[in-house]
Each structure stands twice: as structure tokens, then as C-alpha cells.
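Here is the structure we will look at.
Residue numbers (this note's numbering): 6 to 412.
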């Protein structure tokens, strides 16, 4: 028997990854991933006993690490423990779980909400469970892996459409809608690789005209878009009922861990009683739920955090464009890529910036096309204007250094 079929170290996929690591080592480049951070990571972080300007997390409003959020989690541990120790249908409810779901439902102007213990699993289990072989899933070509995994699990027909192209989606709907029972349109509030967002009212109009379901992944738009950070719904002035499933994560703006679906009471009830990722998974822990409640309350009580975030992100984009950097499609969000177009050069640039006190991760092929390899900067309201200016200047200097070495 071929060893590839029963020894992981001989598996072709694992061998290919090892070869990529070896190539990085042979070029004398340090591995930029899995560096050990000490303390709370916000606009700065501490690595190897050094302080860094930090662009390698999604703490958009700087709420993770705030005393009110940490104290809420600590109090929840004191009163309810560190875990609910079973699924919610098996162990019963905790008030803090219900309060979080009610708060999120109000945020989205939705009838109800259900919280899962993983953001990735939220998309996988919701999409995978709700749709089946007679259905069609139409998703943006840049949709997150979790949505793709969910679509594959469902067994539904799956067709991607060109990024943010509502006209192309309309063509697909005209061609295929009547061949399927249910159709799901999946888009994101902000796309995490590129930092842009869709013209959501156009997608709502197609949803209404073609009688489909519409799902919006707000992982990177909650706390970022909208005057007070309520996301893409607030940005466009939409009703909660304009979208069938508002999906989001707790691990970014809401300073915790988990995911959620907000929508109709019928949808939420069905997911709570039948979705595998909820029914057969432990419930969200009391401290995680409490932390997100506190973060949600702080976001709504302190809209100036959203103003600061928007100002820092716009400054980063403005300076980067003035310096001739390629920021791709980034517009209006807290995600700003700097496209390099070469995986090894992206790693080298990340390492040079690290040595100068800036922590940012490269995104490489196959996560993106080789020609789209990049560094990805996540901006936080905790960043200062000076830090942004220092960073853009450092990128330019590092690129000049790299280009001089390769000349």
C-alpha cells in the first residue's frame, strides 16, 4: 500500500506545505506566523519583550481588554462558572445567553437571534443545515471559507458570481431561479481580504424580485460600518427584515468568541432545535456571553470609537495611495491590504516591518492568487494618527529596501 494513503507525513498536501516552509527557510526568511503575543493585543502588542504597532487582529473598536468587558466576564465566571458544560438543549439556558441574543436581535431589528460557539461553524452549520440538493446557493466569488464549506455540506447546487457584481447575479437568477426550490444569495458586509463592501440595497431588490433568501455575513462590518457601528444595515438605512439571515461573529468588535444568526422567530426556533452546530455543541460560555454583552453596550454608548476607527482607516488609505501603494479594493472599512504580488516578497516585507516594530501578517497563495499576495492591515480605533503615519512611511522604506536588493 502506498504510504501516502496511511501516513500523514507522506500525504501530498502536507508535503506541499512542508516544501513551502522549506523554501522560506532556504531564502533566510523568518516564519511570520504564530508569534507569541503577551498581554492584550489592540493598537499595540508585545512580542519577544518588545512593543509593536499592531495590525494583526480584529479588535476594531479596542473593546477587548477594556475593564468593563473584562469585569463582566469575571463576574459571569463567579456567578455561572467557566462553562455551561453541555449543549443548551441538554443543560438548559443561562440568563446571560438569552440577554446576548436579545441584544443582538435588537441591534438588527430582528425578531430573534441564536448564538453559536464558533463564527466559522455558524456559517457551516446554518447553510449546511437549511439547504439541500434541490436548492441553489449563489455566493460572491470572494465569500469566506465558512460559507463555501456550508454550501458544500448542504449538497445544494453552488454557483459563485463575480465579486460585488449584482448584474451578474441577476443574470444567474434569471437563468436558474425556476430550476430550484429555494435559492440563497450570500454576501458579506465587508470582505476581509479586500476591505470593500457590496451595494446591499441592490441585492435586497434582487432577493425580493426573485423570491430568494438573502444572508449577510457581518463579521468585519459590525462596529465598522454605519454612523454608530451597527453595520451595513445602518450604513444603507435598511430594515432588519430586508435580510433573511444576519450572520456575525463575536470575536472581532464584540471582544469574545462565537457567532450568531439574527432573523425571524421561526428561523431561530428551527436552528435551536435542529441545527447540528447548535444542538450537538456546548452552549456559549457565561464569560464569553457576558463579554460580548458589555462590548455591545459600550459600542452603542461610545460612538466616538467608530468615528476614531473610520478616521484612522481613511488616513491609512489616503497616505498609502499618496505614496503609490496598491491598496486594492479597500474602501470605507477597517481592512486595508497592501498588494505586493509575490508571496516570498510579502513574507520578506512582513519581516522587515517586524524588525522596525510593526506587526502585520502576509496573505499568500493559495489563500489569494499569487499576483494578489499582500500584507493585510487591520485598523483599530486604538491606533493613533502618529502610528498610522509611521507605518505607511515604514512600508515605503521597506519596499525600497527590497526593490534595491532585487535590482
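Backbone N, C-alpha and C fix where the C-beta goes; we use that ideal spot for every residue, glycine too.
Being a predicted model, the structure only gives us computed values, none of them experimental.
Query: Looking at the secondary structure, which residues open and close the alpha helix (DSSP H) in which residue 83 lies?; Result: 72 to 85
Query: Just mark residue 221 as buried or exposed, buried being the case when its beta carbon has 16 or more other beta carbons within 10 Å.; Result: buried
Query: Does the region 104 to 117 touch the region 265 to 284, meaning 3 or more C-beta pairs lie closer than 8 Å?; Result: yes
Query: If we ignore side chains and look at the alpha-carbon of each, how far apart do residue 409 and residue 297 end up?; Result: 47 Å
Query: Across the region 59 to 66 and the region 83 to 100, are there enough close Cβ pairs to call them in contact, namely three or more that are closer than 8 Å?; Result: no
Query: Taking the continuous alpha helix (DSSP H) assigned at residue 25, which residues delimit it?; Result: 17 to 31
Query: Residue 252 bridges to which residues according to DSSP?; Result: 222 and 266
Query: To the nearest whole angstrom, what separates the beta carbons of residue 133 and residue 263, a pair I think is in contact under 8 Å?; Result: That pair is no contact at about 18 Å.
Query: Please check the pair residue 174 and residue 143, which I expect to be a contact at CB under 8 Å, by giving their CB distance rounded to whole angstroms.; Result: 6 Å
Query: Between which two residues does the alpha helix (DSSP H) harbouring residue 134 extend?; Result: 124 to 135
Query: Considering Cα atoms alone, identify which of 243, 159, 284 and 242 is closest to residue 95.; Result: 284
Query: Compare the Cα-Cα distances from residue 299 to each of 343, 82 and 261 and report the closest residue.; Result: 261
Query: Could you check where the alpha helix (DSSP H) with residue 49 kicks off and where it finishes?; Result: Where residue 49 is concerned, there is no enclosing alpha helix (DSSP H), although the beta strand (DSSP E) it sits in stretches over 49 to 52.
Query: Can you name the residues that DSSP bridges to residue 291?; Result: In the DSSP output, where bridge partners are listed per residue, residue 291 has none listed.
Query: Alpha carbons only, please: which of 205, 230 and 229 is nearest the one belonging to residue 219?; Result: 205
Query: Helix, strand or coil: how does DSSP classify residue 240 here?; Result: helix
Query: Thinking residue 81 and residue 292 are a contact (beta carbons under 8 Å), I'd like their distance in whole angstroms, please.; Result: 5 Å
Query: Report back the beta-carbon spacing between residue 352 and residue 367 to the nearest angstrom; my notes put them in contact at under 8 Å.; Result: 5 Å
Query: Is it buried or exposed for residue 39, if we count other Cβ within 10 angstroms and need 16 for buried?; Result: exposed
Query: Closest to residue 388 by C-alpha separation, out of 165, 47 and 279, would be which residue?; Result: 47
Query: Between which two residues does the alpha helix (DSSP H) harbouring residue 313 extend?; Result: 309 to 327
Query: Under the DSSP definition of a beta bridge, which residues are partnered with residue 56?; Result: 51
Query: In the DSSP assignment, find the unbroken alpha helix (DSSP H) run with residue 210 in it and report its ends.; Result: 205 to 215
Query: Using only the heavy atoms of the ligand GTP, determine whether one of them is closer than 7 Å to the beta carbon of residue 152.; Result: You won't find the ligand GTP in this model; it holds no ligand whatsoever.
Query: Name the residue from 100, 25, 56 and 401 whose alpha carbon lies nearest to the alpha carbon of residue 290.; Result: 100
Query: Given a threshold of 16 other Cβ atoms within 10 Å of its Cβ, counted over all protein chains shown, does residue 225 qualify as buried or as exposed?; Result: buried
Query: Three or more beta-carbon pairs under 8 Å between the region 187 to 198 and the region 328 to 343, yes or no?; Result: yes
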